[in-house]
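Numbering (the UniProt record's numbering), first residue to last: 1 to 147.
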């Protein structure tokens, strides 16, 4: 009897997990791939990889309130003022509506901005737009997470 109860509980848990799992669409996969490419580009930035992932009209907001355009965002990464040593995106969600994707995640990183090392954990909202069959980052806003 004990084995039957355990089996039934495991089956119910499996069904519950399956019902809560949303299938990932082709577009969600494409956006997730671009987000991962963006994460890698933040760690190992080049002008070409950053321009390939971002819109020329990029609005890049920091948790401090500083707002940058594409040119300044790229410049700060290339000159080391903003230097990501490691980055992990946690608890990521992707919501797509037409040609716009909203990505939310927590960013945990080790930075060495202007040579000063620190660990950060912030929230991010990324807005991607499909332009000429390519997802480009058009806006990013970081925010401080509640303690």
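No residue lacks a Cβ here, since even glycine has one placed at the ideal position from N, Cα and C.
Item: Cutting at 6 angstroms between CB atoms, please list the residues of its own chain near residue 123, excluding the five before and the five after it.; Value: 106, 143 and 145
Item: By the 10 Å Cβ neighbour count, where 16 or more other Cβ atoms means buried, how is residue 74 classified, buried or exposed?; Value: buried
Item: Taking only the alpha-carbon atoms, compute the straight-line gap between residue 62 and residue 69 and give it to the nearest angstrom.; Value: 11 angstroms
Item: If you draw a straight line from the alpha carbon of residue 87 to that of residue 53, how long is it in whole angstroms?; Value: 17 angstroms
Item: Please state whether DSSP places residue 132 in a helix, a strand or coil.; Value: coil
Item: Shortest alpha-carbon distance to residue 46 belongs to which of 71, 90 and 119?; Value: 71
Item: Quick check: the Cα distance between residue 33 and residue 117, rounded to an integer number of angstroms?; Value: 28 angstroms
Item: Which residues mark the beginning and the end of the beta strand (DSSP E) in which residue 113 is found?; Value: 100-113
Item: Taking 9 angstroms as the threshold (C-beta atoms), are residue 102 and residue 126 in contact?; Value: yes
Item: Taking the C-alpha atoms as reference points, what is the distance between residue 59 and residue 139?; Value: 5 angstroms
Item: Using the rule of at least 16 other Cβ atoms within 10 Å of the residue's Cβ for burial, across every protein chain shown, is residue 85 buried or exposed?; Value: exposed
Item: Taking 9 angstroms as the cut-off, decide whether the C-beta atoms of residue 27 and residue 132 are in contact.; Value: no
Item: When you compare only the Cα positions, how much space is there between residue 112 and residue 40?; Value: 16 angstroms
Item: Could you check if residue 134 is buried or exposed, using at least 16 other CB atoms within 10 Å of its CB as the buried criterion?; Value: exposed
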